[in-house]
Structure formats: C-alpha cells, structure tokens
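Colleague:
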Amino acid sequence: MTAAVAPVVPLVRIRGLRKSFGTNLVLSGIDLDVRPGEVTVLLGPSGSGKSTLLRCINHLEKPDAGFVELAGEIVGYRPDGNRLHELHTRAITRQRTRVGMVFQQFNLFPHLSVLDNIVEAPVAVRRVPKKQAVARALELLERVGLAGREDSYPRQMSGGQQQRVAIARALAMEPELMLFDEPTSALDPELVGDVLSVMKDLADTGMTMIVVTHEIGFAREVADTVVFLDGGQIVESGPPARVLAHPRNERARAFLAAVL
Amino acid sequence: MTRSGISPSLIEAPDRPPAESLESTPSLTHREDDEALLAAKLVPLRRPGQWASAVVLLVLLAMLVHTLLTNKRFQWGVVGDYFTRGSIMHGLVLTLWLTGAVMACGYLLGIGLAAMRLSGNPILRTLSFGYVWLIRSVPPLVQLLFWYELASLYPQLSLGIPFGHEFVTVKTAHLFTGVLAAFVGLTLDTAAFSAEIVRGGILAVEHGQTEAAQALGLGRGRVFRRIVLPQAMPAIIPASGNLLIGLLKATSIVSVIAVADLLYSVQLIYNQNYLIMPLLLVATIWYIILTTLLSIGQYYVERHYARGTNRRGDRPFWRLARANVSVFGRTRNDLAGLS
Numbered sequence: 045m046t047a048a049v050a051p052v053v054p055l056v057r058i059r060g061l062r063k064s065f066g067t068n069l070v071l072s073g074i075d076l077d078v079r080p081g082e083v084t085v086l087l088g089p090s091g092s093g094k095s096t097l098l099r100c101i102n103h104l105e106k107p108d109a110g111f112v113e114l115a116g117e118i119v120g121y122r123p124d125g126n127r128l129h130e131l132h133t134r135a136i137t138r139q140r141t142r143v144g145m146v147f148q149q150f151n152l153f154p155h156l157s158v159l160d161n162i163v164e165a166p167v168a169v170r171r172v173p174k175k176q177a178v179a180r181a182l183e184l185l186e187r188v189g190l191a192g193r194e195d196s197y198p199r200q201m202s203g204g205q206q207q208r209v210a211i212a213r214a215l216a217m218e219p220e221l222m223l224f225d226e227p228t229s230a231l232d233p234e235l236v237g238d239v240l241s242v243m244k245d246l247a248d249t250g251m252t253m254i255v256v257t258h259e260i261g262f263a264r265e266v267a268d269t270v271v272f273l274d275g276g277q278i279v280e281s282g283p284p285a286r287v288l289a290h291p292r293n294e295r296a297r298a299f300l301a302a303v304l
Numbered sequence: 008m009t010r011s012g013i014s015p016s017l018i019e020a021p022d023r024p025p026a027e028s029l030e031s032t033p034s035l036t037h038r039e040d041d042e043a044l045l046a047a048k049l050v051p052l053r054r055p056g057q058w059a060s061a062v063v064l065l066v067l068l069a070m071l072v073h074t075l076l077t078n079k080r081f082q083w084g085v086v087g088d089y090f091t092r093g094s095i096m097h098g099l100v101l102t103l104w105l106t107g108a109v110m111a112c113g114y115l116l117g118i119g120l121a122a123m124r125l126s127g128n129p130i131l132r133t134l135s136f137g138y139v140w141l142i143r144s145v146p147p148l149v150q151l152l153f154w155y156e157l158a159s160l161y162p163q164l165s166l167g168i169p170f171g172h173e174f175v176t177v178k179t180a181h182l183f184t185g186v187l188a189a190f191v192g193l194t195l196d197t198a199a200f201s202a203e204i205v206r207g208g209i210l211a212v213e214h215g216q217t218e219a220a221q222a223l224g225l226g227r228g229r230v231f232r233r234i235v236l237p238q239a240m241p242a243i244i245p246a247s248g249n250l251l252i253g254l255l256k257a258t259s260i261v262s263v264i265a266v267a268d269l270l271y272s273v274q275l276i277y278n279q280n281y282l283i284m285p286l287l288l289v290a291t292i293w294y295i296i297l298t299t300l301l302s303i304g305q306y307y308v309e310r311h312y313a314r315g316t317n318r319r320g321d322r323p324f325w326r327l328a329r330a331n332v333s334v335f336g337r338t339r340n341d342l343a344g345l346s
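Protein chains in written order, with the working numbering: chain A, 45 to 304; chain U, 8 to 346.
Structure below.
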C-alpha cells in the first residue's frame, strides 16, 4: 500500500476472483495480496464470502473467474495463451502440499491416533522416512502444548486439544502458507485462548497466515492486515489499528459495533 | 506491535449475575412427613406379565429340547453317520468356495458400481442406478435359470470388436455349466446389493474428512483407501455380514441346476435311502456351524474398525456373548428391570 513495503513480492496474489453457488454470488471480484510472513485476518458477517475465499486459495472451491497465484504459480490451472486449463488432480494435490489448512470442525481423522494423524501426509506425500516424521510430529505436539498425547485418539480429547493437533498436522507438511477457517468458532469459550496462543506463537515464527475469525482481539494483536468483506467484496482493508478503530466503510462500522 | 503472550482481553469474562442473589439462600419449608418419606424403602415396579411370559416361553423351549431328544424319528444316529461323509464334505467345500468367490467378485463389482453412482458423470451415475434397479428386481433363482439356459438365447459366444471382427468363439452350452451359471448369477446379484451397502457407508463419512485429507495433499486413491473407506467400514460391515450369511445360505438354490453343493449332496443321498429328515438335519447343522463362525469373524472385523470410536478397552468375544445372553450369569442389577 505504501512505498515502504512495495519491493516485497507477495506470496499470494488474488485477482478478480469470482464465485457463485447456483444463483448466489458469493465472491464478486476479490483482489488481495499477502506478503510472506504477514498475518492477514478476514473479517465480515456470515455469508460475506470469507470461507469461500479461503477455500479458493487451495482449490477446494473452483473459482468461476479470476485467479489465485501462490508463489508465482496459478493455483489449480495451467496458463496457455489466453486460456487456463484445469490441472490434473495430481498436480493440484502437489500444490496443496504447500498450503496448510485448519478447519472450524477440526476434521481430524477419528480412526487414526494423534501421531498417525500428523505423520500420515508427510510419509505418504512427502516420502519422509517414518522415523524422521515421528520425531518431527512429537516436536510439533510439544510446540502446541500436547506433549505425551501422541497415542490418544481424537475423540478422547477436548475440542481445543483437537484443534491444536489439527494445527500440528498442518504444520507437519512444512507449508509456506497457513489457512485458518474460523479455528475457534466450534470451541467452548474457555478453550479458545489455548488455540489462539498457539496461532500467535506461529505468527511470531514468521509463518504467513490467512485467518478467518470473529476474534477481534486476535486481529488487533496479531494481524498485520485486516480485510473486511461484505457481500462478496473487500470493503475495507489495512492495518488493524486503523481498520478496527476508525473504519471508513458503513458496513464495517456496523459490524464492528455489533461484535465489540 | 508486540507478540508476547496472549493478553487477557482475548478471552472475555462471562457476564456474572448480580452478587446479592448468590449470597442469601432462602429458608426451606418443612412438613411433618418429611422424615418418614426420607426413611422409606424404594420398591421398584413389579412386572408380573413379563415374568409369566418368560415362564411360558421357557416351558415351550423345554418341550422343544425334549422332543428333539426323545423323538426316535429324528434318527440322530443316522445324522452322526452321515455328518462327515465324503460326498457331503465335497458339497460343503463347494458351498464354501462358491460363497467366497461370489462375495469377493461381487464386492469388487459393487465397489465399482458405488464409485460410479457417486461420481460426477451423469452417464456413469445413471448406468449404475439402472444396473442396481434391474438386478434387484429379478429374483436370484430366475437369474440363475436364465444364465443356465443362456445357450437357448445365444448358442455361441464370441470375443471381438463390437459390431466387427470376432477372435474367439465358444459354444455357450459348454461355457455355461451349472457352476459358472451359479457363480455369474449370484455375483451379479451380490454386486447390486453390495453397491448399495458400500454407497451408504461412504455417504456416512463426513465430507470434511475428504476435504481435510485433500488439503493435506493426499492423492485421491490414498484419501479413499486410508481415510474414507476405514471410516465407512463400521457402517458397511454389519450389513455386509448379513449379506454374506444370506449368501452362504442362498448358494443352496444352485441345487435346482444340479450343482453339487452342500444341500444337493444331501438330496442325492436321501433320494436313494429316503432318510430325508436326518439328512436335512446334517445340512442344517453344517449351515448353523458356518454361520456361527462367520458371526464370530464379523465381530472381530467390527472391533478392528471400531478403533478410536469407543473409550472402553476391547472385549473378547465370549464376554460380549455373556453380556448379551442373560442366562450366562448376569448380575442382580441387570435383572432388576424384570422384577
């Protein structure tokens, strides 16, 4: 936005992204840059397109128009002249390994132990030797405050613990970008703090993160950029200090007044 | 911007009710009969109707056991003589491998049909639906006779290019012997039913599981084999166990086209010596033994796929049986519901 940060090449470039489900236009032309090491928080009322935008970034949703670029590569498509050909599943799978995702409902694999949940993708996709993957998994579990829980099954854990395992699982693939889709919305209030503090620690290590959340406190404290969506469009974006304290847009002001 | 420790403002304190309502406890009312009620013994509801029907059923069961043991015409000695007779053993083996082969091939076809039905391609979806509709509409016995008599419809079968050149040609009557007709008919039938079972199981797995696996970069085959299928299994196994046991017994219909399975081997013998009842008992007891073994196997397979779903430890089969059959020494507490 200002000349001071201009030379940094964005890790994620989104241009003209449009998506509709049937007749319901969910994203109507999104343009967004995320620089490496930045934490971007997406705010907005439900139905404003935040989750869909996030899911387009690792091609869980196919855009109707526009594109997402990750580290200079178009996500899900191969440019050829004036066409974008959809990539084969295998190529999309390879692109997804660079992006970690954490879901609202955790989506841990209930039939696998915590350790197997974390080790599965590095061993199957990255061909990391089992021993090395296990060592790394134990390290990650310690980092999210769950040392010693590797043999538990997801259903034996609280929601907050499951979500921290989900974060460790995503990190095990050594992603360049982490997507969080309302990671604390399904949690009991007293468990929210643990998950947020793990996310904050992650931000401190310089991980690039895009976070959909309703936790304004997290946005204020951790975000570099707050993006406010409404009706499938970005209506306001900028540093949290300005966007949260002095929103210019009418809808953003009303939303913040309601949640604060 | 500071990033050191989460500030307390992140976790908002819940609203407290006004302090005064917590402090004063209203005094409790007291009635004269309170002590008497507190000292009274609790008597559970009696259910004489349940006890009476239990006694009637026990008497009927005793009569059944009595007649089995005392009615000479059951000829238990003959049952014993023929129980492990060579031709019956051959029939037993045929029944077993026919069941196994039909189940394996039927399920392979069924998984394919389920995948077609769940795919995005409308033609594949419709074809799968049409197949299941057609096969489920035709009784297996009719199908069996149809394949057996295929020669009257197509005297010879050829392998070649559709509407074009033919490479190999065989006489249908030579190819479709009783056993092959039985195998094909039962396999097609099993495929239709197993397709629906597998499809139901896959639909029971939350879509978020697939998404999470895809987001981790797992390939499609890996997602299906490692994530979706194991979670579909708990829904698939009980129905499949049912289907397998049904199939074991359904193979006895091949006796109508003279395939020497367990039932037909028995029939061959009693057609000569007219010891119909004892020989039918031989077949019945074998079917009971096989079904029992399959049920035990099903229990262990179910337990294997229940990993992570129950918080209690695994229970061996005999203990489960004991918990489900009340005469095997259930406790007074369990029986309280009957008293």
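Positions of the beta carbon are idealized from the N, C-alpha and C atoms, including for glycine.
With a threshold of 16 other CB atoms inside 10 Å of the CB of Phe262 of chain A, please say whether the residue is buried or exposed.
Modeller: Taking the first sequence and counting its residues from 1, one reaches residue 262 of chain A at position 218. It is buried - the Cβ of Phe262 of chain A has at least 16 other Cβ atoms within 10 Å.
Colleague: Considering only C-alpha positions, which residue in the set U:Val261, U:Trp293 and U:Leu251 is nearest to Gln305 of chain U?
Modeller: Counting from 1 along the second sequence, the entry for residue 305 of chain U is found at position 298. Comparing Cα positions, the closest option is U:Leu251.
Colleague: Phe153 of chain A touches chain U at which residues, Cβ-Cβ below 9 angstroms?
Modeller: To locate residue 153 of chain A, count along the first sequence from 1; it is residue 109. The contacting residues are Gln216, Ala219, Ala220, Arg233, Ile234, Pro237, Gln238 and Gly315.
Colleague: Comparing the C-beta of Leu223 of chain U with each C-beta of chain A, is any distance below 7 angstroms?
Modeller: For the purposes of this step, residue 223 of chain U is identified with residue 216 of the second sequence, where counting begins at 1. Judged by the 7 angstroms Cβ criterion, Leu223 of chain U is in contact with chain A.
Colleague: Out of U:Val308, U:Thr298, U:Ala198 and U:Leu288, state which residue places its alpha-carbon closest to the alpha-carbon of Thr91 of chain U.
Modeller: Numbered from its first residue, the second sequence carries residue 91 of chain U at position 84. Cα-wise, what sits closest to Thr91 of chain U is U:Leu288.
Colleague: Would you check if the stretch 128 to 148 of chain A and the stretch 194 to 214 of chain U touch, i.e. whether three or more CB-CB distances between them fall below 8 angstroms?
Modeller: In short, these stretches do not touch, since the Cβ pair count stays below three.
Colleague: Applying the 10 Å Cβ sphere with the 16-neighbour rule, what's the burial state of Phe272 of chain A?
Modeller: One-based indexing of the first sequence puts residue 272 of chain A at position 228. So Phe272 of chain A ends up on the buried side.
Colleague: Closer than 7 angstroms, Cβ to Cβ, to anything on chain A: give me those residues from the stretch 193 to 209 of chain U, in chain order.
Modeller: From the stretch 193 to 209 of chain U, no residue has a Cβ closer than 7 angstroms to chain A.
Colleague: Could you give the C-beta distance for Gly113 of chain U and Thr194 of chain U, rounded to a whole number, given that I count them as a contact under 8 angstroms?
Modeller: Looking up residue 113 of chain U in the second sequence gives position 106. Looking up residue 194 of chain U in the second sequence gives position 187. Confirmed, about 5 angstroms.
Colleague: For the beta strand (DSSP E) containing Lys63 of chain A, name the first residue and the last one.
Modeller: Stepping through the first sequence from its first residue, residue 63 of chain A is reached at position 19. Counting along the chain, the beta strand (DSSP E) containing Lys63 of chain A begins and ends at Val56 to Phe65.
Colleague: Suppose contacts are defined by Cβ-Cβ distances below 7 angstroms. Is Leu98 of chain A in contact with Leu71 of chain A by that definition?
Modeller: In the first sequence, the residue the question calls residue 98 of chain A occupies position 54. In the first sequence, the residue the question calls residue 71 of chain A occupies position 27. No; because the gap between Cβ atoms is not below 7 angstroms, this pair is not in contact.
Colleague: Report yes or no: do three or more beta-carbon pairs, one from the stretch 283 to 297 of chain U and one from the stretch 263 to 274 of chain U, lie closer than 8 angstroms?
Modeller: Yes: at least three Cβ pairs fall under 8 angstroms.
Colleague: Measure the beta-carbon distance from Arg62 of chain A to Asp108 of chain A and round it to whole angstroms, keeping in mind my assumption that it falls under 8 angstroms.
Modeller: Residue 62 of chain A sits at position 18 when you count from the first residue of the first sequence. Residue 108 of chain A sits at position 64 when you count from the first residue of the first sequence. Confirmed, Cβ separation roughly 5 angstroms.
Colleague: If you draw a straight line from the C-alpha of Gly276 of chain A to the C-alpha of Gly73 of chain A, how long is it?
Modeller: Translated into the one-based positions of the first sequence, residue 276 of chain A becomes position 232. Translated into the one-based positions of the first sequence, residue 73 of chain A becomes position 29. Between Gly276 of chain A and Gly73 of chain A, the C-alpha separation is close to 8 angstroms.
Colleague: In three-state terms, what does DSSP make of Ala109 of chain A?
Modeller: Sequence index remark: in the first sequence, residue 109 of chain A carries index 65 (1-based). Reduced to three states, the DSSP call for Ala109 of chain A is strand.
Colleague: If I follow the unbroken beta strand (DSSP E) through Gln163 of chain U, where does it start and stop?
Modeller: As a first step, residue 163 of chain U must be located in the second sequence, where it is residue number 156. Here the beta strand (DSSP E) through Gln163 of chain U covers Gln163 to Gly167.
Colleague: Less than 8 angstroms between the CB atoms is what I'm expecting for Arg227 of chain U and Thr133 of chain A, so what's the real figure, rounded?
Modeller: Walking along the second sequence from the start, residue 227 of chain U turns up at place 220. Walking along the first sequence from the start, residue 133 of chain A turns up at place 89. The pair is a contact, with the Cβ atoms about 6 angstroms apart (cut-off 8 angstroms).
Colleague: Gly226 of chain U touches chain A at which residues, Cβ-Cβ below 9 angstroms?
Modeller: If you number the second sequence from 1, residue 226 of chain U lands on position 219. Within chain A, the residues near Gly226 of chain U are Thr133, Arg134, Thr137, Ala168 and Val169.
Colleague: Out of U:Leu115, U:Val263 and U:Ile264, point me to the one whose CA is closest to Ser201 of chain U's CA.
Modeller: The count along the second sequence starts at 1 and reaches residue 201 of chain U at position 194. Minimum Cα distance to Ser201 of chain U is reached at U:Leu115.
Colleague: Tell me the DSSP secondary structure of Val172 of chain A in three-state form.
Modeller: As a working mapping, residue 172 of chain A is identified with position 128 in the first sequence. Looking at Val172 of chain A - three-state DSSP - the assignment turns out to be coil, as it is neither helix nor strand.
Colleague: In chain A, which residues lie less than 7 angstroms from Arg229 of chain U when you measure between Cβ atoms?
Modeller: Position 222 of the second sequence, counted from the first residue, corresponds to residue 229 of chain U. Ordered by position in chain A, the residues that pass the 7 angstroms Cβ test against Arg229 of chain U are Ala168.
Colleague: Are Ala168 of chain A and Arg314 of chain U closer than 7 angstroms when you measure CB to CB?
Modeller: As a working mapping, residue 168 of chain A is identified with position 124 in the first sequence. As a working mapping, residue 314 of chain U is identified with position 307 in the second sequence. Taking 7 angstroms as the Cβ cut-off, Ala168 of chain A and Arg314 of chain U do not qualify as a contacting pair.
Colleague: Taking all protein chains shown into account, decide if Leu75 of chain U is buried (16 or more other Cβ within 10 angstroms of its Cβ) or exposed.
Modeller: Against the second sequence, residue 75 of chain U aligns to sequence position 68. The residue is exposed, with fewer than 16 neighbouring Cβ atoms inside 10 Å.
Colleague: Less than 7 angstroms between CB atoms is the rule here; does Leu97 of chain A satisfy it with respect to chain U?
Modeller: Taking the first sequence and counting its residues from 1, the one referred to as residue 97 of chain A is at position 53. False, the Cβ-Cβ gap to chain U never drops below 7 angstroms.
Colleague: From U:Leu164, U:Phe183 and U:His181, pick the residue whose C-alpha is nearest to that of Val175 of chain U; which is it?
Modeller: Taking the second sequence and counting its residues from 1, one reaches residue 175 of chain U at position 168. With distances taken between Cα atoms, Val175 of chain U lies closest to U:Leu164.
Colleague: Taking three-plus beta-carbon pairs below 8 angstroms as touching, is the stretch 109 to 126 of chain A in contact with the stretch 289 to 299 of chain A?
Modeller: Contact fails: fewer than three Cβ-Cβ distances are below 8 angstroms.
Colleague: For Phe174 of chain U, list the residues DSSP reports as bridge partners.
Modeller: Taking the first residue of the second sequence as 1, we reach residue 174 of chain U at position 167. Answer is none; Phe174 of chain U lacks a bridge partner.
Colleague: Mind checking Pro129 of chain U: buried by the 16 CB within 10 Å criterion, or exposed?
Modeller: On the second sequence, position 122 is the one that residue 129 of chain U refers to. Classification of Pro129 of chain U: exposed, given that the 10 Å Cβ count is below 16.
Colleague: Assuming contact is defined by CB atoms lying nearer than 7 angstroms, are Ala212 of chain A and Leu184 of chain A in contact in what I supplied?
Modeller: Translated into the one-based positions of the first sequence, residue 212 of chain A becomes position 168. Translated into the one-based positions of the first sequence, residue 184 of chain A becomes position 140. Closer than 7 angstroms, so yes.
Colleague: Could you check what DSSP says for Pro123 of chain A in three-state terms: helix, strand or coil?
Modeller: Here residue 123 of chain A corresponds to residue number 79 of the first sequence, with the count starting at 1. Correct three-state label for Pro123 of chain A: strand.
Colleague: Pull the bridge partners of Leu97 of chain A from the DSSP assignment, please.
Modeller: Along the first sequence, one-based indexing puts residue 97 of chain A at 53. Looking at the DSSP assignment, Leu97 of chain A forms no beta bridge with any residue, so it has no partner.
Colleague: Measuring alpha carbon to alpha carbon, tell me which of A:Asp77, A:Met217, A:Leu235 and A:Asn126 ends up nearest Arg57 of chain A.
Modeller: Counting from 1 along the first sequence, the entry for residue 57 of chain A is found at position 13. Ranking A:Asp77, A:Met217, A:Leu235 and A:Asn126 by Cα distance to Arg57 of chain A puts A:Asp77 first.
Colleague: Val287 of chain A and Ala214 of chain A - do their beta-carbons sit closer together than 7 angstroms?
Modeller: Along the first sequence, read from residue 1 onward, the residue named residue 214 of chain A stands at position 170. Along the first sequence, read from residue 1 onward, the residue named residue 287 of chain A stands at position 243. Their beta carbons are not under 7 angstroms apart, which means Ala214 of chain A does not touch Val287 of chain A by this criterion.
Colleague: Is Asn68 of chain A helix, strand or coil when you go by DSSP?
Modeller: By 1-based counting over the first sequence, the position of residue 68 of chain A is 24. Strand, per DSSP.
Colleague: Check whether chain U comes within 7 angstroms of Ala165 of chain A, counting only Cβ atoms and requiring the distance to be less than that.
Modeller: In the first sequence, counting from the first residue as 1, residue 165 of chain A sits at position 121. For Ala165 of chain A, the answer is yes, since a Cβ of chain U falls inside 7 angstroms of its Cβ.
Colleague: Rank A:His155, A:Met222, A:Arg138 and A:Gln148 by C-alpha distance to the C-alpha of Leu246 of chain A and give the top, closest one.
Modeller: Taking the first sequence and counting its residues from 1, the one referred to as residue 246 of chain A is at position 202. If we check each option's Cα against that of Leu246 of chain A, A:Met222 comes out closest.
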